[in-house]
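Have a look at the structure below, then the notes.
Numbering (the UniProt record's numbering), first residue to last: 1 to 294.
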């Protein structure tokens with residue numbers, strides 16, 4: 001019952017997305033299953049040694065450091081909730097440390113490659129699927145929004161008068177993102193073309209499939225991956241790579257870090273600062289290529 005109470009708390013009080021709640025639930029089910037089979041204990045009687053055994057179990061089964069860290073974060077939140085509810089008297093997570101995860105720089109695609117993709121007539125035509133596909137790429141690169149944010153967009157979220165898009169981000173936090181006149185015109189053209197399709201099943205979502213159904217994550221990911229393959233040989237070709245490209249491009253052109261934070265919808269500046277490392281690495285590369293003493 002305690003797990004259900006925690007998930008209800010996340011949904012109604014923390015206002016987490018259904019995707020995030022599903023991840024918490026999966027982690028807790030896995031942990032509960034391990035504890036019952038290994039120690040025959042309820043979750044409220046777990047001690048730090050049991051959590052450490054769970055860590056060892058995960059590592060023995062080749063679970064990556066990032067995933068282990070995320071699951072421990074789930075447990076930390078869960079037991080913190082139980083502590084506040086006076087269901088337990090002490091959290092078993094107090095003496096548990098997550099494994100160190102090496103920091104990875106955000107993967108991005110150079111502006112020149114994205115310009116080659118989006119400005120060329122080679123990759124897109126005037127058909128509805130092609131116009132929609134190009135709009136998806138342009139919107140990710142032109143706004144830095146997340147995949148879930150794009151999928152939740154409605155036509156009414158676009159303000160063509162002042163060239164902005166209203167986005168509902170994580171934890172139902174709303175923000176307004178400015179867009180270029182070019183992207184605004186592309187959005188207008190897409191909405192008109194979408195109306196002309198006369199889809200039987202009208203959806204409220206801005207992005208739809210070829211049949212007019214509401215777009216879904218795998219559908220959008222496959223589109224992004226397919227088109228980025230034309231201009232990039234790197235392994236990662238996802239909507240989040242375009243989000244990273246947006247942020248890196250802004251930073252390289254002198255945008256204020258706090259402004260980038262607001263545009264991306266980050267909760268803290270620490271999440272945004274990772275992009276500064278990309279800029280430093282870029283400067284090092286330029287220095288090595290251009291300076292005679294490098």
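From the three backbone atoms N, C-alpha and C, an ideal C-beta is built for every residue, glycine too.
Residues near residue 129 by beta carbon distance below 8 Å, same chain, minus five either side: 210
Cα-Cα separation between residue 228 and residue 276, rounded to whole angstroms: 24 Å
Residue 64 burial status per 10 Å Cβ neighbour count (16 or more: buried): exposed
Coarse secondary structure for residue 241, derived from DSSP in three states: helix
Beta bridge counterpart(s) of residue 296 as assigned by DSSP: The chain is shown from 1 up to 294; residue 296 falls before or after that span and cannot be answered.
Classification of residue 235 by the beta-carbon crowding that lies within 10 angstroms, buried from 16 upward: exposed
CB of residue 150 within 8 Å of CB of residue 164, strictly: no
Residue 223, enclosing beta strand (DSSP E) - first and last residue: Note, residue 223: premise wrong, no beta strand (DSSP E); alpha helix (DSSP H) at 217-228.
For residue 42, the three-state DSSP class (helix, strand or coil): coil
Simplified DSSP assignment, three categories, for residue 122: coil
Minimum C-alpha distance to residue 111 - residue among 100, 141, 97 and 189: 141
Per-residue DSSP class, three states only, for residue 131: helix
Exposure of residue 245, with buried meaning 16 or more beta-carbon neighbours within 10 Å: buried
At least three beta-carbon pairs within less than 8 Å, the segment 58-75 to the segment 22-29: yes
Helix, strand or coil at residue 176 [DSSP, three-state]: strand
Continuous beta strand (DSSP E) stretch holding residue 93: start and end: Where residue 93 is concerned, there is no enclosing beta strand (DSSP E), given that its DSSP letter is neither H nor E.
Beta-carbon proximity list for residue 160, same chain, < 8 Å, skipping 5 on both sides: 184, 187 and 188
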